[in-house]
Amino acid sequence: MQLHYQRSGSGVPLLILHGLFGTLENWGGISKTLSERFDVISIDLRNHGRSPHSETMDYPAMAQDIAELIDTLGVAPCYMLGHSMGGKVAMELALNQPQLISKLIVADIAPVAYPHHHEQVFSGLSKIDLSSLSSRNEADEQLKHMIPEASTRAFLLKNLYRTPTKQFAWRMNLSVLEQEYANISATPKGSPYQGPTLFIKGALSQYIQREHQQAIETLFPNYQFKIIEGTGHWPHAEKPALFLKLVERFLLSEGKDYA
C-alpha cells in the first residue's frame, strides 16, 4: 500500500505516525519544528487522511505499510515517533523488524490491549447525515450531545472534506475502523526491541498505568520514561514546547539516560 506522506528538513530521517481518527496534519507544528534538525516524514496511516482505504486494519498490516515506505524512500535505519495507535504501529514494527528503527518514541500508549472506549465517538460520527450536511458547524451541532468536549469534536471533524460534487465525506474509513476496532485495541507482538526507546506519558491520561510497566520492560528493555505534567492523551498538542524538548534531547543524545 502506498501511504500518503509529507517530507521536510534534513538530517537523520524521523517518521511520525498519528493516532486513531488522526492525520499527519495533526502534527504540522511539531513536524515543522523538528524539520529544523531532522528529515521529517509525516505519514497518513491506512484508512486515515489521504492514504488508501483497506478492509484490513491490524498492526502487522499497518507496520508492513511503514516498512514498505521506509524501503521505498531508502531511509533505514530511521528514528520513529508514534502517538496512540501510531505508537502501537511503531512498536509492532520495532518488535518485528528492529533493523529499520534506530530510536523509538512512543507517546501515551502502552504495548497492551485496551477495552473498547470509543463507542460514543463511533455512534456520534455515524449519526451525522453527510448527504444533507451543509457546513462543519452543522456537523459540530449534531455531535454536541454525544461528544461534549469541543476540542475532541474539532479534532474529529478535521476528517470532513468536500468531494468534487461539493458533498461532505469522511477522509477516514469510518466503517472499517469501527469494524476492526478489536484489532486496533490489540497488543503489538514480536521479539523484544533492544534499541533506545522513550515512552512519554501525559500525567492526566489513563493510557499508561503502573500495571503496564512489566510489559514495557519486557518488550523494550532499553527504555526511558518521561511524564509531562498537566497534559492528557495529547501531550504534543497540550504542551508542544515541553514535548519537543523531550523528543529532541532523546534523539540527539548519545547515551542511555539523556535527562
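Every position in the sequence shown, counted from 1, becomes a number in our numbering once 6 is added.
Glycine included, C-beta positions come from ideal geometry on N, C-alpha and C.
inquiry  = Would the region 109-123 count as touching the region 203-221 if we require 3 or more Cβ pairs under 8 Å?
reply    = Yes: the two stretches touch, three or more of their Cβ pairs being nearer than 8 Å.
inquiry  = I need the straight-line Cα distance from residue 183 to residue 121, nearest angstrom please.
reply    = Between the C-alpha atoms of residue 183 and residue 121 there is a straight-line separation of about 15 Å.
query = Of all the options 102, 165, 116, which has the alpha carbon lying nearest to the alpha carbon of residue 197?
reply = Of the listed residues, the one whose Cα sits closest to residue 197 is 102.
inquiry  = Using 8 Å for Cβ pairs, my map puts residue 270 next to residue 86. What's the rounded Cβ distance?
reply    = Coverage of the chain is limited to positions 7 through 265, which leaves residue 270 absent and any answer about it impossible.
ask   = Hey, quick one: how far does the alpha helix (DSSP H) through residue 77 stretch, first residue to last?
value = Boundaries of the alpha helix (DSSP H) harbouring residue 77: 65-79, taken from the DSSP string.
message = Here's the rule: buried if 16 or more other CB atoms are within 10 angstroms of the residue's CB, otherwise exposed. What is residue 29?
response = Under this definition residue 29 is a buried residue.
task = Return helix, strand or coil for residue 7, following the three-state DSSP convention.
result = Residue 7 falls in the coil class under three-state DSSP.
inquiry  = Short of 8 Å in beta carbon distance, which residues of its chain neighbour residue 265, apart from the five on each side in sequence? Order them along the chain.
reply    = Only weak support exists for where residue 265 lies, its pLDDT of 49 falling under 50; the coordinates are left without a value.
request  = Could you name the residues that DSSP lists as bridge partners for residue 202?
outcome  = The beta-bridge partner set that DSSP reports for residue 202 is empty.
Cα-Cα separation between residue 15 and residue 181, rounded to whole angstroms = Each residue's alpha carbon lies about 36 Å from the other.
request  = State buried or exposed for residue 209, treating a residue as buried only when at least 16 other CB atoms are found within 10 Å of its CB.
outcome  = Classification of residue 209: exposed, given that the 10 Å Cβ count is below 16.
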